[in-house]
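Residue 1 is where the sequence shown starts when you use the UniProt record's numbering, and the numbers rise one by one after that.
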Amino acid sequence: MPSNNIEIEQAVLGSLLLNVNAYPEVDAKLTAEDFVSEVHSDIYKCIKHLAESGKGTDYISVSRELDRNNLLERIGGVDYLKELQDTPVTARNAESYAESVKSQSLDRKFKIVLQQLLKISENPEGKSSNEILEEAETKIFDLAQNRINNETMRPIDDLVSVSMDKIEDLMSKDGDLVGHSYGYKDIDALTLGLKEEELIIIAGRPSMGKTSLGMNIAEHVAMNEEGYVLVFSLEMSAESLTARMLGSRAGVSMKNVYSGTISDQQLEKLTRMGDELSKSNLLIDDAGNITPPEIRAKCRKVARAAREKGGIKLVLIDYIQLMQMPGRNDNRVNELSDISRALKHLAKELKCPVIVLSQLNRNVDARENKRPRMSDLRDSGAIEQDADLIYMLYRQWVYQKEEEYKNVAEINLVKHRNGPIENVLLSFEESNTRFAELHPSAKKDYRDWLKAESD
């Protein structure tokens, strides 16, 4: 461990220059004002800006950004940044270095407060003892608010009390939803709803309806909950998604919507659905190259603005294989593992469910039984570990054009961290990209057919 203030600050910055993925942990501990060196403070501000913009933080990227702001020469030029990056540190220790910088920052600030209080006591300038004490209390309180948060280790008696309160709250619900409704009775009954801090994966091969199901759920939450729903679409434009939502809600074929061959009655219905949808707090971001740090920064910005308006109720990301992690291009599997872990952290930080859509390997199409398995998740075994729920979509119609089961979709829950693993049958109207409840008789017929197929 470096021994003095400057060396420890250099260690923090060196860690960030080596690996941008260390930034969230460091950012949770430090502000630019915690650095004793103004040069280091300027460099950290630059790294923070780049990381939260979804960009890399290697010394070349940082030098360009500093140069753009006429600060490169002031901090010692490219040579000093290269020296920082070559500091003998590891990114995995970045959080520990950050805690040391924060601790030293608090020591300095505490000494300043003590000097100020001593000066006031020696020369009160007409202030009463109570006024001096109040000023001292305010200064100490402000300093305490700025300390490192080491409250993550909690005694078991506190945890038992909190857990019992939750259990009693669940008992009072008597089997009702614990989270927000998915909009589908069978899925709600199976999961008790979309719950806080859950990372939910919806996976499938192309044409299975991943985007449609994700957007149907997002739309339902936005229309029925007070608060914001954020959609990050890396593939489709915001305008295309909106057109699909309107057609879906109005029951109008997307072919007719895009060709303009709709009746006056259908136009009236689309307009009415648009008016209803406009009243929701649904936000769509269609930046195609967005990264987890950038998603986090945008979510935090919305969360701050929405604090008095219900907060964020759901985040939907379409889809994970199109995402990249800045500064991580050595191995795609490792990169997706970092992305998966970052999205789980996002769900915990925002205290809301995060739904992530995922592609499946092409190997699915090559085998006889094409129903997807968890091992089919493309490029990332880490998704299996990080996800709380994993849904696999399957439609027989995609592979065999049997008219009888054209609109039947299997929503197979293959991982459920806190509940049973089952499959749900829904109706899917491909023409207007709408999932809906499947009639009980159709469910029975399909399950009978499945049983006969397996015998």
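Glycine included, C-beta positions come from ideal geometry on N, C-alpha and C. Note that the structure is predicted; figures quoted are calculated from it, not measured.
Check: Local Cβ density within 10 Å of Leu350, reported as buried at 16 or more and exposed below that; Outcome: buried
Check: 6 Å Cβ shell around Val364 - same chain, five flanking residues per side excluded; Outcome: Arg205, Lys370, Pro372 and Asp376
Check: Backbone secondary structure at Ala452 - three-state DSSP; Outcome: helix
Check: Cβ neighbours of Asn150 in the same chain (closer than 6 Å, five flanking residues each side left out); Outcome: With a pLDDT of only 45 at Asn150, under the threshold of 50, the placement of this residue in the model should not be trusted, and no figure is reported.
Check: Assigned exposure category for Ser121 - 16 Cβ within 10 Å defines buried; Outcome: exposed
Check: Three-state secondary structure assigned by DSSP to Asn423; Outcome: strand
Check: Own chain partners of Val39 with C-beta closer than 6 Å, once the 5 adjacent residues on each side are dropped; Outcome: Ile75
Check: For Asn281, the nearest candidate out of Thr271, Val302, Ala452 and Pro292 (CA to CA); Outcome: Val302
Check: Alpha carbon of Ile148 to alpha carbon of Lys102, nearest angstrom; Outcome: Only weak support exists for where Ile148 lies, its pLDDT of 46 falling under 50; the value from the coordinates is given anyway. Using only the alpha carbons, I get a separation of about 7 Å.
Check: Residue span of the beta strand (DSSP E) that contains Met392, given as start and end; Outcome: Leu389 to Tyr394
Check: Leu18 vs Asp42 beta-carbon contact at 7 Å; Outcome: no
Check: Pick from Trp397, Tyr228 and Ile290 that is closest to Arg307, judged by C-alpha positions; Outcome: Tyr228
Check: Among Tyr446, Lys444, Phe428 and Lys443, the one whose alpha carbon lies nearest that of residue 469; Outcome: The structure shown does not extend to residue 469, since the chain is modelled only from 1 to 455, so the question has no answer here.
Check: Cutoff 6 Å; reference Phe435; Cβ partners in own chain excluding five residues on either side; Outcome: Leu213, Asn216, Leu426 and Phe428
Check: Exposure of Asn418, with buried meaning 16 or more beta-carbon neighbours within 10 Å; Outcome: exposed
Check: Collapsed DSSP secondary structure at Asn412 in the structure displayed; Outcome: strand
Check: Extent of the continuous alpha helix (DSSP H) to which Ala382 belongs; Outcome: Ala382 to Asp386
Check: Contact under 7 Å by Cβ, Asp338 with Met325; Outcome: yes
Check: 3 or more residues per run - each beta strand (DSSP E) lying fully within the segment 282-332; Outcome: 282-285 and 312-318
Check: Three CB pairs or more closer than 8 Å across the segment 250-263 and the segment 286-306; Outcome: no
Check: C-beta atoms of Pro293 and Ala51 nearer than 7 Å; Outcome: yes
Check: Neighbour-count burial assignment, Asp388, 16 or more Cβ in a 10 Å radius; Outcome: buried
Check: Supposed close pair Leu194, Gly179 - CB separation, criterion 8 Å; Outcome: 4 Å
Check: Endpoints, the beta strand (DSSP E) within which Ala203 is located; Outcome: Leu199 to Gly204
Check: Residue 465 - DSSP class collapsed to helix/strand/coil; Outcome: In the structure as shown, the chain starts at 1 and stops at 455, and residue 465 therefore has no counterpart that could be examined.
Check: Collapsed DSSP secondary structure at Ser358 in the structure displayed; Outcome: strand
Check: Integer-rounded CB distance, given that Leu283 should sit under 8 Å from Val221; Outcome: Incorrect: roughly 12 Å between the Cβ atoms, too far for contact.
Check: Chain-order list of residues whose beta-carbon lies under 6 Å from that of Leu438 (same chain, five-residue window excluded); Outcome: Leu425, Leu426 and Ser427
Check: Buried/exposed call for Asn69, threshold 16 Cβ in 10 Å; Outcome: exposed
Check: Whole-angstrom distance between Ala32 and Met245, CA atom to CA atom; Outcome: 43 Å
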